[in-house]
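Residue numbers (my numbering): 1403 to 1640.
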């Protein structure tokens, strides 16, 4: 079994690069899942680990696990008090021309209720490729940076869809035609949403921690084809 990439580790916690398509831990909706990130990491490190937050199954990138209850409590409070900063990167359909602060309610996981949610979405680069999808001769895409101010279910995915720029390979909120094209052209099977960076104050030391996680390998041909591979902001994630 392939090992999990360690981004940062000390005596109190570990930050890992979560692979796409893997659950962080078992849930009531996925009781038959046999392999989770929590299990793999615990076996890899030979000790118990405790997730202090959870990326969606399809999302890749930085995910924190603690080694003890005290550290878990510290991070849970830090998330509640918004003292943890997260930066995500995504590839969206269409051209987003300017930064947007999306303040719009999103559905909770039950799909019955909505909760307040805020995300800052910033376009980093745009591309147009000679591939026809639907009625158009060419297809346009935007690489965006997303900074969630709240932590809701599928928040970034729902907010991008709200802007009419859904994230590619988002099966629930996305555009199936572009999703299919990315599968056929690039072999992309998971949502193109990556938690690239996470920053917080250390739970036991008076220092700031800023950790990054590299893009999954299937991002590379997409970034290259779009002409984004050499963007300065992406170099820490390649």
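All C-beta atoms, glycine included, are put in the ideal place defined by N, C-alpha and C. As the structure is a prediction and not an experimental result, all values here were calculated from the model.
By the C-beta density criterion, residue 1412 is exposed, having fewer than 16 other C-beta atoms within 10 angstroms. Contact between the stretch 1560-1580 and the stretch 1476-1494 is present, with at least three C-beta pairs closer than 8 Å.
In the three-state scheme derived from DSSP, where H, G and I count as helix and E and B as strand, residue 1437 is classed as coil. At a cut-off of 3 residues, the continuous stretches assigned as beta strand (DSSP E) that sit fully inside the stretch 1517-1561 are 1520-1531 and 1541-1550. The stretch 1418-1427 makes contact with the stretch 1438-1449: 3 or more CB pairs, one atom from each, lie closer than 8 Å. Within the model, the alpha-carbon separation for residue 1600 versus residue 1446 is close to 22 Å. With 16 or more other Cβ atoms from the protein chains shown falling within 10 Å of its own Cβ, residue 1581 counts as buried. The three-state secondary structure of residue 1444, taken from DSSP, is helix. Annotated as distal: residue 1555 and residue 1528, with beta-carbon spacing of 8 Å or more. In the DSSP assignment, no residue is bridged to residue 1567.
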